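**Student:**
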Amino acid sequence: MALQEEFKSQGDFLFKNRSYIPLIVLLVALIQIYFQANKGLDSHWPFSYNGLEITGIVIAFIGFFIRVVTIGQSAKNTSGRNTSEGQVADHLNTSGIYSTVRHPLYVGNFFMWLGPAIMTQNLWFVLAFILFYWVYYERIMYAEEQFLRGKFKDAYLNWSKQVPAFVPKLSAYRSSDLDFTWKKVIKKEKNGFAAIFIVFAVFRAVHDYGIYGRATFEAWIYTAAIVGVIIYLIIKYTRKFTHLFDEDDR
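The sequence shown runs 0 to 249 under numbering that gives the first Met the number 0.
So this is what it looks like as C-alpha cells:
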C-alpha cells in the first residue's frame, strides 16, 4: 500500500475510534500517577498536587472553550463528535475560528488532554504524550483533509492555502458567517464538560490511594464531578423528552 493510501486508511480508522483509543493513554497516566504518589517520586513541576490540579483543570478548560467556540459557530453536519458514521461535512466552515486554523477542534482536544497529562508530574510522560498526540492526530487530520478536498475541491484548496493546519494564525481572523448558538454547544459538548471533572476526580482518587492506601474523597473535585454528571444527565434527558434544544438549521 502506498504511503498516501496508508495514511488515509490509518486516519479513517483512528477517526472512527478516536473516542476509545485515548483511554489507553488515560490508563498509562493513572499507572504513572499511582507510582508517582506511592513511591514518593520527585515531581517535575514546582507545584503542590492541589496547585497542579487547578493548573491542569484551567488548561483543560482552555481546550473546552476552543471547542465551544468552534461548535457554537459551525454549520449543521460539520464539526462535532461523529465517529461511527465516519467523516461528515455538508458545508465547508471557513469563517470565525476556522479562518485562523483548519482543525480547531483538535487544537481544543490537545489542551483538554494536556491538562490531565501534566497531573502525572512527569515531564517525560508529557513529552511522550505530545509526540503521541501529534502522530495520532496527524493521521486523522490527513484523512479528514482528503475527504474535504474530494468533496469541496477548489473551495477547500483555496482556503487551506491561507489557513494553517494546527497553530492558529490569529491575525487572519474574520467574523463567523453564522450566529453563535448555545443550544448546539450544550447538545454536543455535555460529554466533554462532565468528562473533565470525572477524569480529574479519578486522578485525585488514584493519587490519594497511592499515598494513603485509600481514596479520601475529601477534595472539592469529587463534588465538581458529581455536579458535572448531574448536569450531563439533566441535559441528556431534557433532549430525550423535550424539544428544548432543537434547531432546524444547526
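Think of the CB as a built atom: it goes at the ideal place given N, C-alpha and C, for glycine as much as any other residue. Keep in mind that this is a model prediction, so the values were computed, not measured.
Is Gly-50 helix, strand or coil when you go by DSSP?
**Tutor:** Looking at Gly-50 - three-state DSSP - the assignment turns out to be helix.
**Student:** Does the Cβ-Cβ distance between Arg-203 and Ile-220 come in under 8 Å?
**Tutor:** The answer is yes: Cβ separation under 8 Å.
**Student:** May I ask you to report which of helix, strand or coil DSSP gives Arg-17?
**Tutor:** In the structure shown, Arg-17 sits in coil (DSSP, three-state: anything other than H, G, I, E or B).
**Student:** DSSP puts Arg-173 in a beta bridge; with which residues?
**Tutor:** Answer is Gly-95, bridged to Arg-173.
**Student:** Where Val-166 and Met-140 are concerned, what is the direct C-alpha to C-alpha distance, given to the nearest angstrom?
**Tutor:** The straight-line gap from Cα to Cα measures roughly 13 Å.
**Student:** Using 8 Å as the Cβ pair cut-off and three pairs as the minimum, do the region 40-50 and the region 180-195 touch?
**Tutor:** Judged by Cβ distances under 8 Å, the region 40-50 makes no contact with the region 180-195, as fewer than three pairs qualify.
**Student:** Three or more C-beta pairs under 8 Å: does that hold for the region 91-101 against the region 140-156?
**Tutor:** Yes, the region 91-101 touches the region 140-156.
**Student:** According to DSSP, is Trp-158 part of a helix, a strand, or is it coil?
**Tutor:** Note: Trp-158 maps to helix in three-state DSSP.
**Student:** Report, in whole angstroms, the separation of the C-beta atoms of Ala-142 and Phe-14, which I expect to be a contact under 8 Å.
**Tutor:** Contact holds; Cβ gap of about 6 Å.
**Student:** Over the uninterrupted alpha helix (DSSP H) stretch that includes Asn-190, give me the two end residues.
**Tutor:** Its alpha helix (DSSP H) spans residues 181-211.
**Student:** Return the chain-ordered list of same chain residues with a C-beta closer than 6 Å to the C-beta of Asp-11, the five sequence neighbours on each side being excluded.
**Tutor:** Counting only Cβ-Cβ distances below 6 Å, and skipping sequence neighbours, we find Ala-142.
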